[in-house]
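Novice:
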Amino acid sequence: MSRHTRIAITLATLALCLGAMPAQAALKVLATTPDWAALVTELAGDKVNVYTATSAFQDVHRVDAKPSLVARARTADLVVATGADLEIGWMPVLLQDSGNTRIQPGSPGYFEAAPLVHLLEVPSAVDRSMGDIHPLGNPHVTLDPRNIAVIAKALTARLVILDSANAAFYTARGEEFQKRWQQATAQWEAKAAPLKGVGVVVIHRDQVYLCNWLGLKEIAAIEPKPGVPPSAGYLSELVTKLAATPPKMILRNAYNDPKAADWLSQRVHAPVVLLPYSVGGTPEAKDLFGLFDDTINRLLADAK
Amino acid sequence: MAKLTPVAGVFVVVCMLWPHAGQAAPDEVATLRAEIEALKADYNARVQSLEARIRRLESGAASAQTTQPGTAPGTAAAGEAAVVAGQSAAATPPPAFPQPASTAAPARSSSATAFNPAISVILTGNYASLSQDPATYRVAGFIPPPQGEGPGERGFNLDESELTVSSNVDPYFFANLTAAIQGDNTIDIEEAYFKTLALNNGFTIKAGRFFSGTGYLNEVHSHNWDFVDQPLAYQVFFGGQLTQDGVQIRWLAPTDYFIELGAEAGSGRSFPGTQRNSNSLGSDALFAHLGGDVGDSTSWRVGGSWLDTHAMDRTYADVDQFGAPVTNAFTGTSRTWIVDGTLKWAPHGDPTHHQLKLQGEYLRRTEDGQLAFDVTGQNLAGAYSTAQSGWYVQGVYEFVQRWRMGLRYDSMHPGTPGIGLVNSGVLPQTDFLSLLPATPERTSVMVDWSLSEFSRLRAQYAWDQARAHERDEQFLLQYIFAIGAHGAHKF
Chain L
125 MSRHTRIAIT LATLALCLGA MPAQAALKVL ATTPDWAALV TELAGDKVNV YTATSAFQDV
185 HRVDAKPSLV ARARTADLVV ATGADLEIGW MPVLLQDSGN TRIQPGSPGY FEAAPLVHLL
245 EVPSAVDRSM GDIHPLGNPH VTLDPRNIAV IAKALTARLV ILDSANAAFY TARGEEFQKR
305 WQQATAQWEA KAAPLKGVGV VVIHRDQVYL CNWLGLKEIA AIEPKPGVPP SAGYLSELVT
365 KLAATPPKMI LRNAYNDPKA ADWLSQRVHA PVVLLPYSVG GTPEAKDLFG LFDDTINRLL
425 ADAK
Chain H
580 MAKLTPVAGV FVVVCMLWPH AGQAAPDEVA TLRAEIEALK ADYNARVQSL EARIRRLESG
640 AASAQTTQPG TAPGTAAAGE AAVVAGQSAA ATPPPAFPQP ASTAAPARSS SATAFNPAIS
700 VILTGNYASL SQDPATYRVA GFIPPPQGEG PGERGFNLDE SELTVSSNVD PYFFANLTAA
760 IQGDNTIDIE EAYFKTLALN NGFTIKAGRF FSGTGYLNEV HSHNWDFVDQ PLAYQVFFGG
820 QLTQDGVQIR WLAPTDYFIE LGAEAGSGRS FPGTQRNSNS LGSDALFAHL GGDVGDSTSW
880 RVGGSWLDTH AMDRTYADVD QFGAPVTNAF TGTSRTWIVD GTLKWAPHGD PTHHQLKLQG
940 EYLRRTEDGQ LAFDVTGQNL AGAYSTAQSG WYVQGVYEFV QRWRMGLRYD SMHPGTPGIG
1000 LVNSGVLPQT DFLSLLPATP ERTSVMVDWS LSEFSRLRAQ YAWDQARAHE RDEQFLLQYI
1060 FAIGAHGAHK F
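Protein sequence lines correspond, in order, to chains L and H.
For the first sequence, this note's numbering begins at 125 and goes up steadily by one.
For the second sequence, this note's numbering begins at 580 and goes up steadily by one.
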């Protein structure tokens, strides 16, 4: 029986350690992307402690359920995720292994952004032969500031529920953010007016919301199907196709491999515009405001 | 349909009241009529409000918040707070928290299918060209496991077809079934367990049949292995993978570093234990994992595990000094220590184009008890005591998108077993051919090509010196195809 006693002692020790853990004051937030981390920071300031699971240089589809992320899920009071299956390859592992009921789907501590906004490109039928397709619609919702406004409002409401002691703070800060965001959005829209109707080529279809917002015309995607890298044959076909409707520029995100975009750029004589895509993707995109400022500045620089 | 409900309601009420109404005084009839009218009005009001709600939802639940710019965030918050307050009083684990429905959500054809579990199927197969007859495969110096040793059959082979069905059971449990349909038309239940969802404070309990949490590779399903086969140490010490029929408890520390402790209690049926016809526990395991990141690009995990299990008449086929087949049996305790380490590197942590994965494990097993020689004939028994070990290291590198190459080295150390029958001079050591001193080792190289996350083709070449004398050169081609639900993978 001695080994059972040993197991019992181990468990008892664990339970004691647990009891000795001090309660954390600041709300612990695990954000799946730097954009959600930036949004939480805008809305909650120093009332929260935010950890970002990924950086602007990572493809959020392809992330490992690293031990460090499981550890952060364990202590999180709130998970802010994109949803719409963007994080499906790793989030379920974090949630299941966390031993943390606060962040399980259906709990107030689990927040998904994409279901709050109108999703574009919802396929009427799905099949894996169509590539890495998202049955719920295109999940790359951040690059339309109108979406951010909607998501921010719901996130403020969630913060109020989770940390009611600071409800007034979150409400006031949320209203103040909405005001600044509305003004900024109006300025961006005015500034970006010349971009309307400009033809662009994208790599992955993750600029859809940006194009939709600014009226950029997406002529083609370098990926023949979502998540499928282009073959040489497909690229040469693309060159022929683009000869008829030459794009003004080719959009590349900070995390994309530059090769295919650069190759195409030389053939179709359109510049590659490097966009931050996420907060931190370029030095200028320090926060959400910087992300949109920089995105529009970079687009305008090459659209002229 | 909705409009019929009040009518039906009134009809039911009237039917129920009818016999009494017939005998009732006129003023009672009037009262009833008034009540029915009130009921009708009430139902109409409810139906109208429901219809209005449906119209609102249809006109864009997703954009509901955008279309009400006047709504202060505080108002929305109060609404949500009320919902949560009402629910949190009801049960300890918070029940479904309403996530605003998306207009984008595909319409369900029927509510009967809405709760179907996630189903995935993985098909694997290979072609093997082996320079030695696989029927003679033995890792020299070790008691062979009942299965799971060697590279399999020559030629084309259908490997296991793995069917996984999983779903949340209710707010408290998750359940998973993984059945492997083997190429020889038998079905193995690889895993069939439930897991808790509602325990807090980092605790998770899993019970049923599951791959033990000992070691690193033990929990990894075969379609996620980086080589066609398991390291020799896993083949020899666990017969491939250690399965527990029992209970596992894990605890995750509330720290920024990943610190996980686990304990298992199981039947011990799985090799190196055996079925024992006993009420007591057959196998106990303890394990601890520690992990973290170094910068943006590197993450790591190390672990230590201990397994204590018991064998009773664990028979194995051997050959005596005259070359005649005999059946021997071990009875006693079997303890295994494992130390494992894994490191992954990818530029900025993005494995799309390049990733390096290094891993290594050291396993050491001690067995103490009785070894019986030729149980169906002479049936001689004596003491038996061994300390045997084995290790492997491997590296896999994605050198260009979709292409990976890997190198693995296995080394086994059977040591010199203490066999009572040999030490006392009853039998010569050559009567235990499997346990003669040897130094098995193997070197494997592989290249694989994954057109997508769901398909993989692999070529592997191995110089296998597991046998005492001959070298087996193994060339394997393998396919792995996954269909169905998108599974999430552990580190």
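Note that beta-carbon positions come from the ideal geometry of N, C-alpha and C, so glycine has one too.
Quick caveat, the model's predicted, so the values are computed rather than measured.
(1) Can you name, in chain order, every residue of its own chain whose Cβ lies under 7 Å from the Cβ of residue 218 of chain L, other than the five neighbours on each side?
(2) Roughly how many whole angstroms lie between the Cα atoms of residue 1008 of chain H and residue 832 of chain H?
(3) Along chain H, in chain order, which residues have C-beta atoms closer than 8 Å to that of residue 169 of chain L?
(4) For the pair the region 364-382 of chain L and the region 337-349 of chain L, tell me if three or more CB-CB distances fall below 8 Å.
(5) Jot down the residue ranges of each uninterrupted alpha helix (DSSP H) in the region 211-283 of chain L, minimum 4 residues, whole runs only, in chain order.
(6) I'd like to know whether the C-beta atoms of residue 910 of chain H and residue 892 of chain H end up nearer to each other than 7 Å.
(7) Would a check of beta-carbon distances place residue 214 of chain L closer than 7 Å to chain H?
(8) Using the three-state DSSP reduction, which class does residue 1042 of chain H fall into: helix, strand or coil?
(9) For a test of the three-state rule: what should DSSP assign to residue 717 of chain H, helix, strand or coil?
(10) Kindly list the residues whose CB is nearer than 6 Å to the CB of residue 337 of chain L, restricted to its own chain and excluding five residues on each side of it in sequence; keep chain order.
(11) What residue range is occupied by the uninterrupted alpha helix (DSSP H) comprising residue 828 of chain H?
(12) I'd like the span of the alpha helix (DSSP H) that includes residue 408 of chain L, first residue to last.
(13) If the cut-off is 8 Å on Cβ atoms, which residues from the region 217-229 of chain L count as contacting chain H, listed in chain order?
(14) Going along the chain, which unbroken runs of the beta strand (DSSP E) with 3 or more residues stay wholly within the region 280-358 of chain L?
(15) Just tell me which of H:1061, H:764 and H:1017 has its CA closest to the CA of residue 1031 of chain H.
(16) Closer than 7 Å by C-beta to residue 271 of chain L: which residues in its own chain qualify, once you throw out the five before and the five after it? Chain order, please.
(17) What residue range is occupied by the uninterrupted alpha helix (DSSP H) comprising residue 813 of chain H?
(18) Buried or exposed: residue 186 of chain L, going by 16 or more other Cβ atoms within 10 Å of its Cβ?
(19) If you drop the 5 nearest sequence neighbours on each side, which residues of the same chain put their C-beta closer than 6 Å to that of residue 687 of chain H?
(20) Counting only beta-carbon atoms, is residue 1067 of chain H nearer than 7 Å to chain L?
(21) Comparing C-alpha positions only, which one of H:987, H:1028, H:961 and H:990 sits nearest to residue 1003 of chain H?
(22) How big is the Cα-Cα spacing for residue 854 of chain H and residue 153 of chain L?
(23) Quick one: list the residues of chain H neighbouring residue 198 of chain L, beta-carbon separation under 7 Å, in chain order.
(24) Express the C-alpha separation of residue 812 of chain H and residue 259 of chain L in angstroms, rounding to a whole number.
(25) Go ahead and pull the three-state DSSP assignment for residue 179 of chain L.
(26) In this structure, how does DSSP classify residue 390 of chain L when only helix, strand and coil are distinguished?
(27) So, do the region 806-824 of chain H and the region 1011-1029 of chain H have three or more beta carbon pairs nearer to each other than 8 Å?
(28) DSSP beta-bridge partners for residue 998 of chain H?
(29) Give the C-beta separation of residue 740 of chain H and residue 760 of chain H to the nearest angstrom, bearing in mind that I take them to be a contact with Cβ-Cβ under 8 Å.
(30) What residues in the region 391-415 of chain L have a beta carbon less than 9 Å from any beta carbon of chain H?
(31) Count the other C-beta atoms from every protein chain shown that fall within 10 angstroms of the C-beta of residue 851 of chain H, then say buried if there are 16 or more, exposed otherwise.
(32) Compare the Cα-Cα distances from residue 245 of chain L to each of L:263, L:235 and L:236 and report the closest residue.
(33) Chain L partners of residue 929 of chain H, CB-CB under 9 Å?
(34) Are the beta-carbon atoms of residue 404 of chain L and residue 177 of chain L separated by less than 7 Å?
(35) What does residue 878 of chain H reach in chain L if we use C-beta pairs closer than 8 Å?
(36) DSSP puts residue 946 of chain H in a beta bridge; with which residues?
Specialist: Taking the coordinates as given:
(1) 189, 193, 194 and 197
(2) 50 Å
(3) Per Cβ cutoff of 8 Å: no residues; residue 169 of chain L is ~15 Å from chain H at best.
(4) yes
(5) 215-221
(6) yes
(7) yes
(8) strand
(9) coil
(10) 268
(11) Careful: residue 828 of chain H lies outside any alpha helix (DSSP H), inside the beta strand (DSSP E) at 822-831.
(12) Premise fails: residue 408 of chain L is in no alpha helix (DSSP H) and is neither H nor E.
(13) 217, 220, 221, 222, 223, 224, 225, 226, 228 and 229
(14) 323-326 and 341-345
(15) H:1061
(16) 241, 265 and 333
(17) 811-817
(18) buried
(19) Note that residue 687 of chain H has pLDDT 47, beneath the 50 cutoff, so the model's placement of it is unreliable and the number below is only indicative. The answer, listed in chain order, is 693.
(20) yes
(21) H:961
(22) 48 Å
(23) 781, 831 and 833
(24) 43 Å
(25) coil
(26) helix
(27) yes
(28) H:963
(29) 4 Å
(30) none
(31) buried
(32) L:263
(33) 178, 179, 181, 182, 183, 186, 187 and 379
(34) no
(35) 188, 190, 191 and 192
(36) H:913 and H:965
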